[in-house]
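Chemist: In this note's numbering, the protein residues as written are 18 to 186.
1) Report the rounded CA-to-CA distance for residue 148 versus residue 183, giving the unit in angstroms.
2) Any chance the segment 83-96 sits against the segment 114-122, with 3 or more Cβ pairs inside 8 Å?
3) Please list the terminal residues of the continuous beta strand (DSSP E) segment that includes residue 19.
4) Leaving out five residues on either side along the sequence, give the residues of the same chain with a beta carbon under 8 Å from the beta carbon of residue 151.
5) Starting from residue 128 and walking both ways along the beta strand (DSSP E), at which residues does that stretch end?
6) State the start and end residues of the unbroken alpha helix (DSSP H) segment that holds residue 174.
7) Name the one or two DSSP bridge partners that residue 134 has.
8) I think residue 67 touches residue 50, with their Cβ atoms under 8 Å apart; what is that distance to the nearest whole Å?
9) Along the chain, where does the alpha helix (DSSP H) containing residue 101 start, and where does it finish?
10) For residue 127, does the count of other Cβ atoms within 10 angstroms reach 16, so buried, or fall short, so exposed?
11) By the three-class DSSP mapping on this structure, what secondary structure does residue 149 have?
12) Checking 7 Å against the spacing of the C-beta atoms, do residue 124 and residue 98 come in under that value?
13) For residue 129 and residue 64, I'd like the C-alpha separation in whole angstroms.
14) Should residue 62 go down as buried or exposed, given a rule of 16 or more other Cβ atoms within 10 Å for buried?
15) What are the boundary residues of the beta strand (DSSP E) that includes residue 89?
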């Protein structure tokens, strides 16, 4: 199984759209990242875990499920990096290939040492954009197939049929 662990605030700070949103409303930026990762998860079928620092949301470690994406808010004095390193130790085995999405160079070196692979914020952004385009293309193709299976009828004849359908003559 492929597992993608996302350093939430690192990605928010790296993606222009999320960075601008963060300046006005951090929770909306988090929600948009979660929604994008949910679409990613649904398309790819990978397990996705997003980790947010307690630096911005204080309290006990909290886990929640949004769509099929796991969201973790770290403990109050725990960084996202520490939590991600702990997750890698738990998840990395012969059956799982773990990727960590972060542009933090120090964190990338640490995860490499633990046997995980990295995706930079830019790589993940490009991948999500490609997925959105592929979904859009598939929808266009589906709509084209749907409309082409109908029998082509001229507009004036369709109007007559519509009058009949409504009980008029």
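Heads up, the beta-carbon is just placed ideally off N, CA and C, and yes, glycines get one too.
Modeler: In terms of the structure at hand:
1) Taken atom to atom, the span from the alpha-carbon of residue 148 to that of residue 183 is near 43 Å.
2) no
3) 19-24
4) 60
5) The continuous stretches of beta strand (DSSP E) do not include residue 128, which lies in the alpha helix (DSSP H) extending over residues 122-130.
6) 172-182
7) As DSSP reads the structure, residue 134 sits in a beta bridge with 116.
8) 7 Å
9) 97-108
10) Result: buried.
11) It is helical.
12) With respect to the 7 Å criterion, residue 124 and residue 98 are classified as neighbours on the basis of their beta carbons.
13) 19 Å
14) exposed
15) 86-90 is the span of the beta strand (DSSP E), which, as asked, contains residue 89.
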